[in-house]
Structures are given as structure tokens and as C-alpha cells.
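Notes follow the structure.
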Ligand SMILES: Nc1nc2c(ncn2[C@@H]2O[C@H](COP(=O)(O)OP(=O)(O)O)[C@@H](OP(=O)(O)OP(=O)(O)O)[C@H]2O)c(=O)[nH]1
Ligand SMILES: Nc1nc2c(ncn2[C@@H]2O[C@H](COP(=O)(O)OP(=O)(O)O)[C@@H](OP(=O)(O)OP(=O)(O)O)[C@H]2O)c(=O)[nH]1
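Protein chains in written order, with my numbering: chain A, 2 to 193; chain B, 2 to 193.
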């Protein structure tokens, strides 16, 4: 997605060989016009699947997923990472391991909002090692819903997230695929 | 806002005399069409103020604020409540006290995204005791930006949030104002 690659090049900054900072338009300040285009791009890749829900995870997944859900005219559900005042029972939960923090956290989705009648599109902002996505996949599995596919705004292709998800048999669509962040340069996978 | 009051009555549930659960369309599952209407209603109340940024706080503030920012064609910035991978320095921070948890947390906004040139509209999902809003106001003050006003989707008018904000001299707009949650009934302030 050209407009997204341009945003990453011009408004992103390479923090290390492994981390790209995109706070200026995705992770802290949100460029809503870009989110509209991201939503449309996600929809065009997952057309014709009778999607009934978009599922993401707080916090940065919400904005890019919002427009996709809106375009599809379906609800957006976001998994919680921590206890919420109103979510106390009747929950799907799954464990997500964090390599950086070396800890396991529980993500939760209320059973009220996901059932075996649903056809789910999982969307999130960044695909790194895929742990969060695996947690969401597990939640969908527990609900009995069908998983149509998984979309990411940015994939770090030098990490093993995509492999993990594809090995588990899932379709993955990433709007920008970063091959390398070495030498403070962003190199995309589709570059010739 | 009639459509919002109807959503609260039909899709909300009263958890106690003090807590309304609106997970079905605002706090966990998001009704994006309703968010579009909420965004438009916020804009109509704050017209003609040359707003340059919408400021909210993660997580539930993002969806209702997204459409408002989009309609105004300005960026949406969301304050972080916890450490983020990419936000390490150059930050405005403010303390927010939680009565329920009896603890103080730091909220942060990068200095990159708020300056004295900005005219800010603060938006959030629920106004209860106003502590989170006071934290956002403090961040705006630190940046030197002008504060145009503060908008909430739902105000619990039986709590002192609105008074605190108005006593501090700020304009507050709430799309639904709940007078009472007693006896498992939602009573709105505008009801005759
Ligand atoms: N900007 C940026 N972020 C990265 C990058 N690689 C991973 N992340 C994000 O960092 C966070 C890492 O989460 P951890 O659970 O600690 O996982 P990990 O150490 O196993 O990767 C995630 O944010 P999150 O949980 O989705 O946070 P939130 O933004 O939704 O609050 C993930 O999306 C990167 O190159 N750039
Ligand atoms: N559903 C619902 N929520 C209420 C109600 N009253 C307060 N809240 C929310 O509960 C959370 C309370 O936050 P605390 O920081 O513990 O504050 P408090 O005890 O001083 O009120 C806030 O969510 P938050 O920090 O905004 O969480 P998030 O949803 O953004 O993650 C606030 O919006 C209510 O009647 N119904």
C-alpha cells in the first residue's frame, strides 16, 4: 500500500534494528484519513467472506480496525489486556506471552460478542512475533466462530510472526511488509 | 442525543446504583455507525473554534473521538496510561488518581504532538469523577495549547465530575447525562 509505505518512510523513525516508531500516525497520534484508506485496503483484500465481526486488541489495533468494521457495516470488538470494570464473567480468555517483558498476560473477550455464528476478521496494527494474534485466534476458536483471516497494518517480516500464523493454516494480509530496519533504513519486502 | 439515549436504554445494563455497563456498543464491542453520529454531534457542539487536535485517553476514548477528529479533519492524539515501547522521552505527564483502585497513575502525551499553537478539543467516553479529564487538561496546560472544551459521550451527573471541570472554568458537553441509576433504571437529566 503506497500511501502507507510513504507514511512509514516520511513519518516513521527507526529506533533500532528491530523497532520502527510510527507514533506520528498510528500508535499515539492517529491520522484518520490514512486510517480510512487502511480500512478500505483491508476490506478489498477480504471481500466476499460474509464477515460478521472485526476482532482486534486494545489499544493501537482500534483505530485501523474501526474503519474496516465501518466499511463492512459490522461491529468491532476489541480484546482487553487487563481487567475492566464491567467485564467480570462470561469471558473467553487466552494467554499471551511477552518476550520483552518475559511475562504471560491474559486477554479477554466477552462471550456476549462472539459466537459460533460469527465469521471473524482479525485485524491489528503491528505483526512482530505473532503472540497477540495467536491469542486472538485462540479466542475465536473457543467461540466456535469461523476465522476468515488476519490483517496487519505493518508486518516486520524479519520476525517470525507471519510464519507462525501461516503454519497454523491462517491467511495473513499485511499492508506494509518490512524486510529490514538495519542501518536505520526501512526496507520493504516488495522492493525490487 | 436521542439515538444515544435509546442505545443506553436498550443495549446498556445497570450494574449497580453507580455503574452503567455499555460494553455492547461503546466499551468492548463498538457500534461504528453510532460512533459516526456521536462524532457529528460533538462537532456540531464545538463548531467554529478552529480546532487543530482532538485529545483523548486510551482505550475507550479512541472510537468515539476518532470520528470527531475525522469530521474536523485533524489528528487524534490519545494519552497513554502505561509505558509504551516507543514513548520514552520528551513527554508531558500528569497524575490521575483512581478512587476505586486507590492509586495514582501517570498519563503521558508526547511533546511532539501538542504545542502552544494547538487548539484542543478533549473527548472521552465516560465522565464520572473527572480525574482523567483533569489529567488531560493539565497536559494541555503544560503544552501551552488552548483548550476549546471537553466532550463526553456519557456523563454520570450524580457524580461530581462535571462540577469539578466547570469550576475550573471549562466548557463541558455531554451527549447523554445520567441523573440516576437507582433501582436498575436509567434516568436521564433532560427527562421531564
Ligand atoms: N511501534 C512499534 N511497536 C512494536 C514493534 N514491535 C512490536 N511492537 C509492539 O510492542 C508491543 C510488544 O508487546 P509485548 O507483549 O511486550 O511483546 P513481545 O515482547 O513479545 O514483542 C506490542 O504493542 P501493543 O501491545 O500492540 O501495544 P498498544 O500500542 O496496542 O498499546 C507490539 O505491537 C515495532 O517495531 N514498533
Ligand atoms: N462502563 C462504565 N465505566 C465507568 C463508569 N464509571 C466509571 N467508569 C470507568 O471506570 C474506569 C474507572 O477508572 P479509575 O481510574 O479506576 O477511576 P475511579 O475509581 O476514580 O472512577 C474508567 O475507565 P477507563 O479508564 O476509561 O477504561 P477504558 O475503558 O478506557 O480502558 C471510567 O471511564 C460506569 O458507570 N460505567
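Backbone N, C-alpha and C fix where the C-beta goes; we use that ideal spot for every residue, glycine too.
Exposed or buried, residue i, counting other C-beta atoms within 10 Å across all chains shown (16 or more means buried)?
| i | result |
| --- | --- |
| residue 3 of chain B | exposed |
| residue 100 of chain A | exposed |
| residue 28 of chain A | buried |
| residue 1 of chain B | The requested residue 1 of chain B is not part of the displayed model; chain B covers only 2 to 193. |
| residue 51 of chain A | exposed |
| residue 125 of chain A | buried |
| residue 89 of chain B | exposed |
| residue 17 of chain B | exposed |
| residue 1 of chain B | Beyond the ends of chain B as shown, which are 2 and 193, falls residue 1 of chain B; an answer cannot be given. |
| residue 95 of chain B | buried |
| residue 161 of chain B | exposed |
| residue 169 of chain A | exposed |
| residue 102 of chain B | exposed |
| residue 157 of chain B | buried |
| residue 190 of chain B | exposed |
| residue 182 of chain A | buried |
| residue 77 of chain B | buried |
| residue 176 of chain A | buried |
Can you tell me the Cβ-Cβ gap for residue i and residue j, rounded? I've got them flagged as a contact below 8 Å.
| i | j | result |
| --- | --- | --- |
| residue 165 of chain A | residue 135 of chain A | 7 Å |
| residue 171 of chain B | residue 151 of chain B | 6 Å |
| residue 92 of chain B | residue 110 of chain B | 7 Å |
| residue 55 of chain A | residue 73 of chain A | 7 Å |
| residue 117 of chain A | residue 146 of chain A | 6 Å |
| residue 148 of chain A | residue 141 of chain A | 5 Å |
| residue 132 of chain B | residue 98 of chain B | 5 Å |
Closer than 8 Å is the cut-off here; do at least three beta carbon pairs connect the stretch 60 to 71 of chain B with the stretch 100 to 115 of chain B?
The answer is no - the stretch 100 to 115 of chain B does not touch the stretch 60 to 71 of chain B, with fewer than three Cβ pairs under 8 Å.
Counting only runs of 3+ residues fully inside the stretch 63 to 90 of chain A, write out the beta strand (DSSP E) ranges in chain order.
Listed in chain order, the beta strand (DSSP E) elements of length 3 or more contained wholly in the stretch 63 to 90 of chain A are 77 to 80.
Identify every run of the alpha helix (DSSP H) within the stretch 22 to 63 of chain A, keeping only runs that are complete inside it and at least 4 residues long; order them along the chain.
Considered as a whole, the stretch 22 to 63 of chain A harbours 33 to 46 as its complete alpha helix (DSSP H) runs of no fewer than 4 residues, in chain order.
Restricting to runs no shorter than 3 residues, where is the beta strand (DSSP E) found entirely within the stretch 88 to 117 of chain A?
Every beta strand (DSSP E) of 3 residues or more that sits fully in the stretch 88 to 117 of chain A is shown, in chain order, as 92 to 99 and 104 to 111.
For the stretch 23 to 53 of chain A, list every residue whose C-beta sits within 9 Å of some C-beta in chain B, in sequence order.
When CB distances to chain B are screened at a threshold of 9 Å, the residues of the stretch 23 to 53 of chain A falling below it are 23, 24, 25, 26, 28, 29, 30, 31, 32, 33, 34, 36 and 37, in chain order.
Is it true that the stretch 36 to 50 of chain A meets the stretch 19 to 37 of chain B, where meeting means three or more beta-carbon pairs spaced less than 8 Å apart?
With contact defined as three or more Cβ pairs closer than 8 Å, the stretch 36 to 50 of chain A and the stretch 19 to 37 of chain B are not in contact.
Cβ-based contacts, 8 Å cut-off: residues of the stretch 80 to 96 of chain B near chain A
The stretch 80 to 96 of chain B vs chain A, Cβ under 8 Å: 81, 85, 86, 87 and 88.
Residues, ordered as in the chain, of the stretch 157 to 183 of chain A that lie near chain B by beta-carbon distance below 8 Å:
Those would be none; no residue qualifies.
Threshold first: 4 residues or longer. Then list the alpha helix (DSSP H) segments lying entirely within the stretch 113 to 156 of chain B, N to C.
Counting only runs of 4 or more residues that sit fully inside the stretch 113 to 156 of chain B, the alpha helix (DSSP H) segments are 132 to 144, in chain order.
Just by C-beta distance, which residues in the stretch 53 to 77 of chain A are closer than 7 Å to chain B?
Taking 7 Å as the Cβ-Cβ cut-off against chain B, the residues of the stretch 53 to 77 of chain A that qualify are 59, 60, 63, 64, 67, 70, 71, 76 and 77.
Within 8 Å of chain A by C-beta, residues of the stretch 3 to 21 of chain B in sequence order:
Those residues of the stretch 3 to 21 of chain B that come within reach of chain A (Cβ to Cβ, closer than 8 Å) are 16 and 20.
Output needed in chain order: residues of the stretch 111 to 123 of chain A with a Cβ under 8 Å from some Cβ in chain B.
Those residues of the stretch 111 to 123 of chain A that come within reach of chain B (Cβ to Cβ, closer than 8 Å) are 111, 113 and 114.
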